[in-house]
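K.L.:
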Amino acid sequence: MQSTRSMLRGTRIAGTASAAAAALCLLAGGGTAYAYWATAGAGSGAAAAATMNAVTVDAFVAGDSNRTSLVPGGTADVILRTSNPNAFAVQLYAVVSTGPVTADAAHAGCTTMGVSFTAPAAPLAPAIIIPANSSLLVTLPGAASMSTDSQSACQGATFKVPVTVEARR
-14 MQSTRSMLRG TRIAGTASAA AAALCLLAGG GTAYAYWATA GAGSGAAAAA
36 TMNAVTVDAF VAGDSNRTSL VPGGTADVIL RTSNPNAFAV QLYAVVSTGP
86 VTADAAHAGC TTMGVSFTAP AAPLAPAIII PANSSLLVTL PGAASMSTDS
136 QSACQGATFK VPVTVEARR
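Here my numbering is used: position 30 in the sequence shown is 15, and no number is missing along the way.
1) So the candidates are L121, L122, P111, S135; which of them puts its Cα closest to the Cα of V86?
2) Thinking C-beta only, is V100 closer than 9 Å to A155?
3) Figure out for me which residue from P57, A138, A74 has the closest Cα to the Cα of I113.
4) Give the range of the beta strand (DSSP E) segment to which L109 is assigned.
5) Using a Cβ-Cβ cut-off of 7 Å (strictly less than) and excluding sequence neighbours within five positions of C95, which residues of its own chain qualify?
6) What does DSSP give as the partner residues of S120 in its beta bridges?
7) Return the bridge partner residues of T149 from the DSSP annotation.
8) Once DSSP output is grouped into helix, strand and coil, what is the label at S137?
9) Applying the 10 Å Cβ sphere with the 16-neighbour rule, what's the burial state of T67?
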């Protein structure tokens, strides 16, 4: 019987040790859970977005040669002279007409010019990047057209095309 009692005592000690270990794990886990849910904190931060200066543009109908001159019933390229005053490069995303095309002051008799501008689809493809603090000439192929109703007084005129550009960083 002595040996049975020894075995029972060993089982009780092992059972008690197991129960103590389980209780310790439960308390430690509960403490961790409590710490997780009871933890509080505070913080602050600040951020500022860089401002982008306006990209400027002047648009003219190309006319440096007979091939690029605008004639009644024809089309010609539009040249954009863009300027990026920012310290970072920008992408020229879109070009939009903002009013009627006008002839230069030397051609005041050109009142019925029949010149129109067709803006390219946005986004411009291929992408046009204007480097930081620089200017860039951009050609829009065939974007100007002249109807056959144009007056003779429009011959040799330089046409200004009012546009706005959308530039993105």
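For each residue, glycine too, the CB sits at the ideal point set by N, CA and C.
P.N.:
Straight from the coordinates:
1) Indexing the sequence shown from 1 puts residue 86 at position 101. If we check each option's Cα against that of V86, S135 comes out closest.
2) Absent from the model: residue 155. The displayed extent of the chain is -14 to 154, so no value can be given.
3) Against the sequence shown, residue 113 aligns to sequence position 128. Nearest option by C-alpha distance: A74.
4) For this step, residue 109 is matched to residue 124 along the sequence shown. Premise fails: L109 is in no beta strand (DSSP E) and is neither H nor E.
5) Here residue 95 refers to the residue found at position 110 of the sequence shown. Within the same chain, and ignoring the five residues on either side of C95 in sequence, the residues whose Cβ sits closer than 7 Å to its Cβ are A88, Q136, A138, C139, A142.
6) Against the sequence shown, residue 120 aligns to sequence position 135. Per the DSSP secondary-structure output, S120 pairs in a beta bridge with S68.
7) Stepping through the sequence shown from its first residue, residue 149 is reached at position 164. For T149, which the question treats as bridged, DSSP gives the partners V81.
8) Looking up residue 137 in the sequence shown gives position 152. Residue state for S137 is assigned as helix, using DSSP reduced to three classes.
9) Taking the sequence shown and counting its residues from 1, the one referred to as residue 67 is at position 82. Classification for T67: buried.
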